[in-house]
Every structure is written in structure tokens, then in C-alpha cells.
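If you read the sequence shown in our numbering, its first letter stands for residue 83, the second for the next number, and so on. Beta carbons: idealized from backbone N, C-alpha and C, even for Gly. To start, the structure itself, in C-alpha cells.
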Amino acid sequence: MELKFEAVHTVVRRGTSPAGDPAWIVSDYRTVKKLLTDERINRFPHPDTADPARFTTAEILQFRQLDPDTPPPPDDLIRRMVATSFSARRMRALQPEVQAITGELIGTMRTAGPPADIRTDLAEPLSSHVISELLGIPAEDREKVREWSDASVDLADPAVSGRADQALKEYMNRLIEDKLEHPAEDILTDLLRFQELEPQLCSRDLVIGMAAGLRFAGQINTVTLIDRGMYLLLTNPIDRAALADPKVLDHVVEEILRHPHPVQRRIAGVPRYAHADIEVGDAYIRKGDLVILDLDDANEDREIFDDAESFCPARRENPHLSFGYGPHYCVGAALARLELKAVFGSIFGALPDLRIDGDLESLRPRQHQLSGGLMELPVTWGRN
Ligand code: HEM
């Protein structure tokens with residue numbers, strides 16, 4: 083195929099990854115969705131590429147180039163590894179606990195009195211508690227593991243993310259040793275069982291990588307979605323009392339998932355590498371190129387969503403791509419929805435006049451983590 087790199091289509095453009103390397107950025111809904119199931123692109127840099135473009139400088143977010151003689155892992159490997167852990171039965175069983183922790187955290191905020199920070203007082207402790215319980219991380223280790231997990235996805239400083247990545251994986255390795263001795267009903271034990279059943283597919287390193295990956299995946303996106311949802315609900319006219327109705331809540335949560343964060347969108351979409359030359363619109367994507375599928379842009383595609391740029395809590399048709407699509411659809415989607423519903427379904431019952439504390443202009447964007455959002459979201463309530 084003749085290469086024409088200057089060719090740029092409005093939906094596929096030349097840009098850069100968060101690491102500053104060249105990438106194709108795909109923005110329209112239909113193309114993003116199609117490429118998410120296209121077998122000519124996948125997460126691993128093509129084995130023949132001498133110096134593949136990096137997605138980010140954080141090691142934990144970068145898929146390694148595979149050995150040319152090693153077949154790529156099956157697309158459904160991660161899903162199979164965690165099928166039991168995220169089964170509908172486990173998620174249903176978790177609902178009352180998630181609800182109870184959310185209630186306790188909101189109660190503590192209320193007792194302590196205003197102001198509070200939605201991220202540090204509610205979103206972070208909630209998602210940290212839930213994913214730590216699920217993984218089987220002992221209570222006394224949770225804070226240091228949370229710090230490593232957060233730092234491992236820091237885009238600003240590769241030295242910081244590299245050290246944290248190593249510490250997190252060393253910790254998971256020690257915890258795995260312990261789980262081998264003392265199996266429990268938790269994700270680490272499920273992963274070890276999978277490894278025992280499928281030793282050809284699943285190495286100890288893969289179990290460690292999955293445990294570390296689930297620890298950060300279980301936290302950063304969910305926290306930012308809580309911050310995003312609170313911002314959207316507190317800056318738009320909505321019927322707060324109606325959120326107690328589960329049907330209304332379902333639609334509101336899906337719209338929060340769809341609508342990009344108004345202050346700081348995701349820093350980048352999801353990465354893939356071309357394993358063949360592909361023509362997309364006017365663009366010629368060459369084998370080996372990095373392709374970033376911009377989910378925030380796709381979720382605002384006017385050809386798919388009416389009034390796409392507005393936050394419409396009553397929106398009914400909402401086929402957003404926030405959890406991806408196809409073989410790598412988010413395994414934690416049900417868990418994330420559980421946490422989002424617990425928060426947005428109960429916070430206004432406890433704090434009906436909740437509002438942002440201070441000027442919107444003073445809110446600081448979070449630019450060092452892929453999920454974007456805010457550095458903090460200060461809120462207040464009552465007469466002050
Ligand atoms: C609102 C919160 C969340 C959002 C917006 C989100 C978003 C996503 C997206 C877009 C993907 C697809 C990535 C791709 O195609 O390359 C994904 C995959 C994944 N997510 Fe989530 N996620 C969230 C919460 C969670 C939670 C709570 C967990 C686990 C505890 C989790 C674990 C995963 C895993 C393991 C994958 C990889 C699946 C695979 O490759 O088969 N996510 N997530």
C-alpha cells in the first residue's frame with residue numbers, strides 16, 4: 083500500500099500519545115466501535131516494529147512487545163481469568179456491603195461537618211475499600227498499597243511510576259505466596275486457581291500483573307467517575323429527590339458515564355497497535371502504528387447522541403463506549419455501576435443542599451492521570 087501520512091480525515095487525525103510519541107487519534111463513534119473489534123489491531127506493539135511508539139511513560143499502562151515466536155494471548159484471557167471474581171452472583175452479594183460503606187462514609191462527612199472533599203472523603207476510601215476487600219488485601223496494608231497503586235499510573239514522572247509499579251508487584255507477589263497457603267474467597271485465590279488449571283496460558287508473572295492491574299483499574303476510573311458525576315449533578319438543574327428512584331438513577335448513572343468531565347476530560351483514549359496496513363476514511367494507518375481510540379470524543383458524536391454536548395439526566399438511548407466494546411469490554415463495569423449507584427442514590431438523601439464550595443474556576447484539573455477529572459472537589463452544605 084502506498085503510504086500517505088499527510089492524509090488526515092476529520093475522524094482520524096495525526097496526534098501524539100501522552101508519552102509524546104506519534105499516534106493516530108480516532109474520534110468518531112462508529113469508527114471507534116468498529117476498531118474495538120477489528121482483528122487487525124490489538125494491544126501489543128507489532129513484534130517487527132523496531133522502536134514502537136509508547137502510549138504512556140507509566141510501565142503498568144504499557145503493553146509489552148511480544149516475542150515474534152510467541153503467539154499473542156487469546157482476546158478473552160483476562161475475562162476468563164476473572165470470570166468467577168466478577169460473576170453476577172458475587173456482584174449481587176457485594177451490593178449491601180457497598181451500600182453500607184457508602185452510607186458510613188457519607189455519615190462521617192455529615193458528622194464532621196462541612197466542608198468536605200468528594201475525592202478524599204468519599205470516592206477514594208469507597209473504591210479503595212471495595213477493591214481491597216475483593217482482592218483480599220489485609221486492612222493494615224491498604225493505605226500503602228493505595229499509594230503505590232495511584233503512583234504507578236502517574237503520567238508526570240516515569241521514575242515515580244516505575245518505583246511504585248515495582249513496589250506494587252513485589253507486594254502482590256508476597257500476598258500471592260500467602261494466598262497459596264491460605265486460600266480464601268477473593269480475586270487473588272481465583273487467579274491462582276486459574277493458573278493451576280491453565281498453566282500454559284497463565285504464568286505467575288501474569289497473575290501478579292493482573293492483581294496489580296485490577297488494584298489500579300478498580301480505583302482510578304471509579305474515583306474520577308464519582309468526581310465527574312458529582313460535578314455534573316451539582317452544576318446542572320436536576321431533581322435531587324428523584325435519584326432515590328432506581329429507574330431514574332440508572333439513567334443518570336449512564337449519562338454520567340457518557341458525558342466527559344467538563345473540567346478535565348480523559349487524557350487519552352484506549353491504545354491499540356496496527357498489525358496490518360489499514361485504510362480508515364482518508365487515513366492510511368501503517369502496520370506498527372499506535373492508534374488511540376478516543377472514547378470521550380466518541381461519546382459526544384452528534385450522529386449518535388441527540389444534544390450530545392449537554393448533560394441530559396433523562397436520556398434514554400445511551401449506547402456510550404465508556405467501558406469500551408467487544409472483547410476487552412471492562413470486566414469491572416458491574417462493580418463500577420454498583421459504586422456509582424450507591425453514591426448518587428444516597429448522597430442527596432443525607433445532604434439535600436450539597437453544593438460546590440468555592441468558584442468553579444478555582445477547581446484544579448487532574449492532568450497526571452489518564453482518567454482526568456479534578457485534583458479535589460470541595461463541597462459544602464447547611465448554612466455557611
Ligand atoms: C467507571 C469506572 C471504569 C471505567 C470508565 C472503565 C473503563 C474501561 C475501559 C474503557 C476498558 C476497555 C479498555 C480497552 O478496550 O483497551 C476497561 C477494561 C478493563 N477494566 Fe475497566 N473501567 C472502570 C472500572 C473498572 C473496575 C472497577 C475494574 C476492576 C476492578 C476494571 C477492570 C478492567 C479490566 C481488567 C479491563 C480489561 C478487560 C480486558 O482486557 O478484557 N475497570 N475498563
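Distance cut-off 6 Å: residue i Cβ against heavy atoms of the ligand HEM
| i | result |
| --- | --- |
| T166 | no |
| L417 | yes |
| V334 | no |
| L117 | no |
| L187 | no |
| H410 | yes |
| N381 | no |
| G291 | no |
| V352 | yes |
| S495 | In the structure as shown, the chain begins at 83 and stops at 466. Residue 495 is therefore absent and cannot be evaluated. |
| V413 | yes |
| F405 | yes |
| L148 | no |
| T304 | yes |
| L250 | no |
Host alpha helix (DSSP H) of residue i (start-end)
| i | result |
| --- | --- |
| V212 | 206–217 |
| P240 | 240–263 |
| T113 | 111–117 |
| D225 | Just to set this straight, residue 225 is Glu in the shown sequence, not Asp. Run containing E225: 224–234, per the alpha helix (DSSP H) assignment. |
| I183 | 170–194 |
| I429 | 415–432 |
| Y313 | 302–317 |
Span separating the alpha-carbon of residue i from that of residue j
| i | j | result |
| --- | --- | --- |
| A249 | D389 | 45 Å |
| S467 | R348 | Residue 467 cannot be examined here, being either before or after the span of the chain that is shown, 83 to 466. |
| E259 | L422 | 33 Å |
| S392 | D383 | 12 Å |
| I386 | R340 | 12 Å |
| D151 | P129 | 9 Å |
| A182 | M191 | 14 Å |
| V94 | A365 | 7 Å |
| A358 | I123 | 7 Å |
| R437 | H333 | 22 Å |
| A418 | D268 | 17 Å |
| D120 | D223 | 41 Å |
| R310 | R398 | 20 Å |
| L452 | L237 | 8 Å |
| D239 | T138 | 11 Å |
| Y253 | L262 | 14 Å |
| I367 | G291 | 30 Å |
| M457 | H343 | 12 Å |
| V193 | E179 | Position check: residue 193 holds Thr in this sequence, whereas Val was assumed. About 21 Å. |
| R446 | A350 | 18 Å |
| L117 | L433 | 43 Å |
| T271 | K226 | 21 Å |
| A396 | A175 | 29 Å |
| P220 | H211 | 10 Å |
| P460 | L325 | 21 Å |
| E229 | R146 | 24 Å |
| Q282 | I302 | 31 Å |
Opening and closing residue of the beta strand (DSSP E) in which residue i lies
| i | result |
| --- | --- |
| Y366 | 365–367 |
| E361 | 360–362 |
| P328 | First-last for P328: 328–340, but that is the alpha helix (DSSP H), not the beta strand (DSSP E). |
| V94 | 94–98 |
*Using 8 Å as the Cβ pair cut-off and three pairs as the minimum, do the segment 428–437 and the segment 273–280 touch?*
no
*For the 8 Å Cβ check, are there 3 or more pairs between the segment 187–207 and the segment 291–306?*
yes
*Please determine if the segment 98–111 and the segment 368–386 are in contact, where contact requires at least 3 C-beta pairs separated by less than 8 Å.*
yes
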